[in-house]
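Note sheet for the following structure.
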DNA sequence: CGACAATAGGCAGATATCTGCCTATTGTCA
DNA sequence: TGACAATAGGCAGATATCTGCCTATTGTCG
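Below you can see the structure in the form of structure tokens.
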């Protein structure tokens, strides 16, 4: 769907949130497949069976300048005997972007994120 | 199943036959996935949905000294934007081994490869 | 010959990433 | 506000290779 520049979609926010959480644990780099597993554990809600959607969202975040992508070293994949990973790293712009997205969501809540309205009894 | 040394199993013979056919076309190297497609076209009979059986057979043929395996150059896979292939090449011992297997099969035909018995009317 | 050991074959799925196609959602403009 | 354009999400499947588990088949030995 069309969207105004700078705005983040739910999946993108989720990716960045997981990324920030990993960063807090000292893990600066992650890859798509691991992210898929984390997201599955996290919410359970998102199927992501065929991870096409996720990889496209990752590419978008790179294009948006919020993440940086690089290919894993050949040798590592080789030693561990598995396909090569594409490693993603959050850029500085990511954290404020998430904060803005969260603020925007609080201001304009979508159906599904309805919270008990304590202000208007 | 157990087998006496030097004997080839049907799948192994098929692999080597396809390999020899490719060789005659000037294609000395092939990889597992392409082989799976060729075998599927060829007989149709073998499912090979999850190619585990095929890859194991390839490893056996390498251990048996009938084929040689090598990893494709990183750069090629990278340029073509796909996983790296393991390339197989028939060794000199392959052709006589197939010939022997075929001769053995003619001598001791299994159920399923029954040919019209023209010798004993 | 019949029981046993060993291994082959098949099924399922892990590991990674990516594309095509169709539908759903959203912003914009008339 | 309602129609349209654009793009996001989901499903399916391609590209490659490999492991685990269970069953089927085979050679050997008592």
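Residue numbers (our numbering), protein chains in the order written: chain H, 67 to 187; chain G, 67 to 187.
Ideal placement from N, C-alpha and C gives every residue a C-beta, glycine not left out.
By the beta-carbon neighbour count (other beta carbons within 10 angstroms, threshold 16), residue 90 of chain G is exposed. Per DSSP, the continuous alpha helix (DSSP H) segment holding residue 125 of chain H begins and ends at 118-129. Membership of residue 152 of chain H in the beta strand (DSSP E) is indicated by the continuous run 152-156. Note on geometry: alpha-carbon atoms of residue 160 of chain H and residue 147 of chain G lie some 28 Å from one another.
For residue 125 of chain H, not one C-beta of chain G is nearer than 8 Å to its own C-beta. Within a 10 Å sphere around the beta-carbon of residue 101 of chain H sit 16 or more other beta-carbons, which makes this residue buried. Secondary structure of residue 135 of chain H (DSSP, three-state): strand. Between the segment 116-136 of chain H and the segment 130-148 of chain G, the count of Cβ pairs shorter than 8 Å is below three; the stretches do not touch. Closest in alpha carbon position to residue 121 of chain G, among G:162, G:156 and G:97, is G:97. Residues of the segment 136-167 of chain H with a C-beta atom less than 7 Å from some C-beta of chain G are 140 and 149, listed in chain order. Residue nearest to residue 153 of chain H within the set H:127, H:95 and H:74 is H:95 (criterion: CA-CA distance). For residue 145 of chain G and residue 157 of chain H, the gap between their C-alpha atoms comes out near 27 Å. Rounded to the nearest angstrom, the gap between the Cα atoms of residue 72 of chain G and residue 119 of chain G is 20 Å. Looking at the backbone, the Cα of residue 84 of chain H and that of residue 77 of chain H are separated by about 11 Å. For residue 103 of chain G, the enclosing alpha helix (DSSP H) stretches over residues 98-108.
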